[in-house]
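Chemist: Have a look at the structure that comes next, please.
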Amino acid sequence: MNIKLIAIGKTDNKALQTLIDDYTKRLSFYIKFDLDIIPDIKNVKNLSETQQKDKEGELILAKLTPTDQLILLDENGSTFSSVGFSDYLQKKMNSGVKTLVFVIGGPYGFSAEVYKKAQGKVSLSEMTFSHQMVRLFFIEQLYRGFTILRNEPYHHQ
751 MNIKLIAIGK
761 TDNKALQTLI
771 DDYTKRLSFY
781 IKFDLDIIPD
791 IKNVKNLSET
801 QQKDKEGELI
811 LAKLTPTDQL
821 ILLDENGSTF
831 SSVGFSDYLQ
841 KKMNSGVKTL
851 VFVIGGPYGF
861 SAEVYKKAQG
871 KVSLSEMTFS
881 HQMVRLFFIE
891 QLYRGFTILR
901 NEPYHHQ
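Going left to right, the sequence shown walks through residues 751 to 907 as the working numbering numbers them.
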């Protein structure tokens, strides 16, 4: 199985980017992982929230292939413990999913079209985090999930 994370806008904070790069490299020992960054939409001040979500949604959907399974990182999604998330990943691998695509939406969330295409939603927390921090937290949790599946000493019960 391949895992892809799609996010809107680059990471401006060099310290966060260094950590994202570190966990992305660590994750590569377990699975093929891609971080796909969609550039920020230009002239957003001239767009309504719905127009911005629709434009971002078009760009997100254009990154998908017909066999991809789309999971949104959404505040209303299912919540997991780290062990529960590792079980979720294992079930996805066992089900024969070729590419599992997680998406971090823009500042206003996802368009109706993206919600329609999604096959699941996962919430990292009830708290709100910056989109740049969510990338780091999510990639770290992917890494943690695979270390749990391999019974490696990174995660402590």
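Heads up, the beta-carbon is just placed ideally off N, CA and C, and yes, glycines get one too.
All figures in this text were calculated on a predicted structure; none of them were measured in a lab.
Could you check what DSSP says for residue 868 in three-state terms: helix, strand or coil?
Modeler: Reduced to three states, the DSSP call for residue 868 is coil.
Chemist: With DSSP as the reference, label residue 901 as helix, strand or coil.
Modeler: DSSP places residue 901 in coil when its eight states are reduced to three.
Chemist: For the region 806 to 824 against the region 841 to 861, do three or more pairs of beta-carbon atoms, one drawn from each stretch, fall closer than 8 Å, so that the two count as touching?
Modeler: They touch, by the three-pair rule.
Chemist: With burial defined as no fewer than 16 other Cβ atoms inside 10 Å of the residue's Cβ, what is the status of residue 894: buried or exposed?
Modeler: Burial call: buried.
Chemist: List the DSSP bridge partners of residue 828.
Modeler: Paired residue(s): 872.
Chemist: Is the CB-CB distance between residue 905 and residue 897 below 7 Å?
Modeler: Taking 7 Å as the Cβ cut-off, residue 905 and residue 897 qualify as a contacting pair.
Chemist: For residue 774, report the span of its alpha helix (DSSP H) as first-last.
Modeler: Run containing residue 774: 764 to 777, per the alpha helix (DSSP H) assignment.
Chemist: Would you mind listing the alpha helix (DSSP H) stretches within the region 787 to 843 that are 4+ residues and don't spill past its ends, in chain order?
Modeler: Those alpha helix (DSSP H) runs which fall completely within the region 787 to 843 and span 4+ residues are 799 to 812.
Chemist: Nearest by alpha-carbon distance to residue 754: which of 863, 868, 786 is it?
Modeler: Answer by Cα proximity: 786.
Chemist: Cα-Cα, which of 836, 766, 765, 783 is closest to residue 901?
Modeler: Looking at the Cα atoms, 836 is the closest of the given residues.
Chemist: Per DSSP, which residues does residue 850 bridge with? Please list them.
Modeler: Answer by DSSP bridge pairing, in chain order: 753, 819.
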